[in-house]
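Visitor:
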Ligand SMILES: Nc1ncnc2c1ncn2[C@@H]1O[C@H](COP(=O)(O)OP(=O)(O)O)[C@@H](O)[C@H]1O
Ligand SMILES: [Mg+2]
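Laid out in structure tokens, this is it:
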């Protein structure tokens, strides 16, 4: 049993002009026990919608989402509540994800208190342990969010997410709102905690350098669908989908020699609207390799080399 199993997930929103916004439109992926799965793609491709669905914040329009084997689609409130304990989310913005009027001790302990797992002294001890795990001190418990830096606030959010010992940590752009100088610390903290607790993680980011740093496998999304899934090394060394290649080409290489040698595959044009996606392959309007078949037929995911790719030409 995988920690997370998503099959043909669709999440559609009511559109302003009648046509539904097909934010997620047939996504399948899994996250194995202890694994970190990256989910990358340009802004608006549906990453956050997938993330929110896996923690039960959004209901699927169709398809299946299973956390530790429990189906979320159509689940009743009790089941959803139980699943939410197993799948915790770390959001992008540590400022809005903490209540400014709650001490951080109360914020971190709240999931334990609300579920009747600990109270009083036992709760205070659990909170102190959680703060320690994320590199904060027990005496911080009495302070308020505004007394902390952005990086420290994200540590607090992570401590709160760990409180119920989840099997799956869903991180949606967890360092995008932070100063560049503290990003690596928070990423390393997440990697350490995950290894220590044997957690799985779905790690959402538009930043390929970040994904490369923390993920075992990577799924590339384009306009509500999966374009390619591969192990981290295979994806970065030999991307198979033209979209993956274009994304990788846009990441600057730290080594100037490598950077100069890199093929330039410019991503032409705008991302089409998910309310009116192109027929056939959704990437065909921007693809440098586009062929006739791409305009007509939706490419199925198939194995190519070490990747699974949705491309007629790969
Ligand atoms: N509640 C909503 N109502 C209508 N459209 C939405 C809603 N949430 C997201 N969308 C649309 O769905 C698409 C995917 O959004 P999102 O999942 O936030 O993408 P990402 O996280 O990759 O940037 C976008 O076109 C976005 O405008
Ligand atoms: Mg997002």
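In our numbering, the protein residues as written are -14 to 299. Backbone N, C-alpha and C fix where the C-beta goes; we use that ideal spot for every residue, glycine too.
Taking the alpha carbon of residue 184 as the point to measure from, which residue in 200, 170, 196, 264 has its own alpha carbon closest?
Guide: 200
Visitor: Using C-beta distances below 8 Å, list every residue in its chain close to residue 67, excluding the 5 sequence neighbours before and after it, in chain order.
Guide: 55
Visitor: Using 7 Å as the threshold, is the C-beta distance between residue 163 and residue 120 below it?
Guide: no
Visitor: Between residue 128 and residue 38, what straight-line distance do the alpha-carbon atoms span, to the nearest angstrom?
Guide: Each residue's CA atom was taken as its position, placing residue 128 and residue 38 some 32 Å apart.
Visitor: Hey, is residue 254 close to ligand 1, as in C-beta under 6 Å from one of its heavy atoms?
Guide: no
Visitor: For ligand 2, I want to know if residue 33 counts as a neighbour, meaning its beta carbon is within less than 6 Å of at least one of the ligand's heavy atoms.
Guide: Checking every heavy atom of ligand 2 against the Cβ of residue 33, one is found closer than 6 Å.
Visitor: Tell me the DSSP secondary structure of residue 40 in three-state form.
Guide: coil
Visitor: Please classify residue 22: is it buried, with 16 or more other beta-carbons within 10 angstroms of its beta-carbon, or exposed?
Guide: buried
Visitor: Regarding residue 188 and ligand 1, is the C-beta to nearest heavy atom distance less than 6 Å?
Guide: no
Visitor: Can you give the Cα-Cα distance for residue 40 and residue 63, rounded to whole angstroms?
Guide: 14 Å
Visitor: Spatial neighbours of residue 262 within its chain, please: CB distance less than 8 Å, with the 5 preceding and 5 following residues excluded, ordered by chain position.
Guide: 7, 10, 208, 209
Visitor: Identify the continuous beta strand (DSSP E) that holds residue 21 and give its terminal residues.
Guide: 21 to 25
Visitor: Less than 7 Å between the beta carbons of residue 228 and residue 188, yes or no?
Guide: no
Visitor: Quick check: residue 149 and residue 70, are their CB atoms within less than 7 Å of each other?
Guide: yes
Visitor: Just to confirm the assignment, what range does the beta strand (DSSP E) spanning residue 296 have?
Guide: Premise fails: residue 296 is in no beta strand (DSSP E) and is neither H nor E.
Visitor: Hey, would you say the C-beta of residue 6 is under 6 Å away from at least one heavy atom of ligand 1?
Guide: Yes - ligand 1 has a heavy atom lying nearer than 6 Å to the Cβ of residue 6.
Visitor: According to DSSP, which residues form a beta bridge with residue -9?
Guide: Residue pairing for residue -9: DSSP places it in a beta bridge opposite 14, 50.
Visitor: How many Å lie between residue 340 and residue 168 at the Cα?
Guide: In the structure displayed, the chain extends from -14 to 299; residue 340 sits before or after that span and is not available.
Visitor: Got a sec? Which residues, its chain only, sit under 7 Å from residue 299 by beta carbon, not counting five neighbours each side?
Guide: 225, 226, 289
Visitor: Following a CB-centred definition, is residue -2 positioned closer than 6 Å to any heavy atom of ligand 1?
Guide: Residue -2 Cβ: within cutoff of ligand 1.
Visitor: Work out the CA separation of residue 293 and residue 74 for me, nearest whole Å.
Guide: 27 Å
Visitor: Going by DSSP, what residue range makes up the beta strand (DSSP E) through residue 146?
Guide: Taken as a continuous stretch (DSSP letters only), residue 146 belongs to no beta strand (DSSP E), being part of the alpha helix (DSSP H) at 135 to 147.
Visitor: I need the straight-line Cα distance from residue 106 to residue 94, nearest angstrom please.
Guide: 11 Å
Visitor: For residue 14, collect the residues of the same chain with a Cβ closer than 6 Å to its Cβ; drop the 5 residues on either side in sequence, then sort them by chain order.
Guide: -9, 204
Visitor: Unbroken beta strand (DSSP E) runs of length 3 or more, entirely within the segment 204 to 275: which are they?
Guide: 210 to 216
Visitor: Would you decide whether residue 297 is buried or exposed? Buried here means 16 or more other CB atoms lie within 10 Å of its CB.
Guide: buried
Visitor: If we count the other Cβ atoms within 10 Å of its Cβ and call it buried at 16 or more, is residue 278 buried or exposed?
Guide: Flag for residue 278 reads exposed.
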